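Residue numbers (the working numbering): 323 to 538.
Notes to accompany the following structure.
Dropping the structure here:
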């Protein structure tokens, strides 16, 4: 499956804009708003983000923000969707890398892509793909980590023939949830990522998936 189709299937209706940008200028304006939101989240955390803060940092009017987003939650959802799109693109590149000749090497590459997103994507360490936004009732039937797991299993299935079974998906979801928590902890007080927590996360992911998939 082409990566664009795979990403689209996982994004679904996760972020609803009031007005979809059509012209290049509108797309650039929306990008500037999301970049401003990402910088604010990176500096202050997502809970303190306001629409006024986004407008000020983007050099835009508050009306411009509300043209695209009804409230701050919608800004966060859009930013989380962009995070998801970018991390899935990086993961796909890692799994497709010809140098990764086994599924385990590909998983190691995917893990490194997640770590790099925490390290270099503004706001990612705080917001990730949006599961931290606690909305009730839940707006979607599955979590974003579940969607990431499904996407990765599709990639591994297409490249290495890993069966797309319920057991394998459950194993991947376990691995994603554990690694997400441990990587988040690694970056909680260390911008470079605490090496001990990162090593622990990588080891646990390998153990979970080797038990489920068998030898690489």
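By construction, the Cβ of each residue, glycine as well, lies at the ideal position given by its N, Cα and C atoms.
Predicted model, so just to flag it, every value in this text is computed and none were measured.
Other residues of its chain near residue i: CB distance less than 8 Å, five sequence neighbours each side excluded
i: residue 444; result: 357, 360, 361, 363, 364
i: residue 475; result: 484, 486, 490, 491, 494
i: residue 344; result: Below a pLDDT of 50, predicted positions are generally treated as unreliable, and residue 344, at 46, falls in that range; the measurement from the model is reported next regardless. Nothing listed; no residue qualifies.
i: residue 384; result: 373, 374, 377
Pairwise C-alpha distance: residue j and residue i
i: residue 514; j: residue 440; result: 9 Å
i: residue 507; j: residue 461; result: 26 Å
i: residue 453; j: residue 408; result: 16 Å
i: residue 402; j: residue 451; result: 5 Å
i: residue 389; j: residue 504; result: 37 Å
i: residue 537; j: residue 527; result: 14 Å
i: residue 517; j: residue 511; result: 12 Å
i: residue 534; j: residue 497; result: 11 Å
i: residue 414; j: residue 435; result: 9 Å
i: residue 532; j: residue 417; result: 16 Å
i: residue 412; j: residue 459; result: 31 Å
Selected residue, minimal CA-CA separation from residue i, among the options
i: residue 421; options: 372, 521, 481, 374; result: 481
i: residue 499; options: 466, 478, 479; result: 466
i: residue 542; options: 463, 509, 431, 382; result: Missing from the structure shown is residue 542; the chain here goes from 323 to 538 and no further.
Under 7 Å between C-beta atoms of residue i and residue j
i: residue 398; j: residue 455; result: yes
i: residue 372; j: residue 394; result: yes
i: residue 448; j: residue 367; result: yes
i: residue 396; j: residue 380; result: no
i: residue 523; j: residue 501; result: yes
Beta-carbon contacts of residue i that lie in its chain and below 7 Å, excluding the five residues immediately before and after
i: residue 404; result: 356
i: residue 335; result: Caution is warranted here: a pLDDT of 48 is assigned to residue 335, below 50, making its placement in the model unreliable, and the coordinate value is therefore given only provisionally. Nothing meets the Cβ criterion.
Cβ neighbours of residue i in the same chain (closer than 6 Å, five flanking residues each side left out)
i: residue 348; result: none
Closer than 6 Å: residue i CB and nearest the ligand ZN heavy atom
i: residue 503; result: Of the ligands one can find in the structure shown there are none, so the ligand ZN has no counterpart to examine.
Counting only runs that start and end within the stretch 341–405, where is the alpha helix (DSSP H) found for 4 or more residues in a row?
Taking 4 residues as the shortest admissible run, the stretch 341–405 contains the following complete alpha helix (DSSP H) segments, listed from N- to C-terminal end: 346–366, 373–380, 384–390.
Just list the alpha helix (DSSP H) runs in the stretch 454–492, keeping only unbroken ones of 4 residues or longer that don't cross its boundaries, in chain order.
466–482
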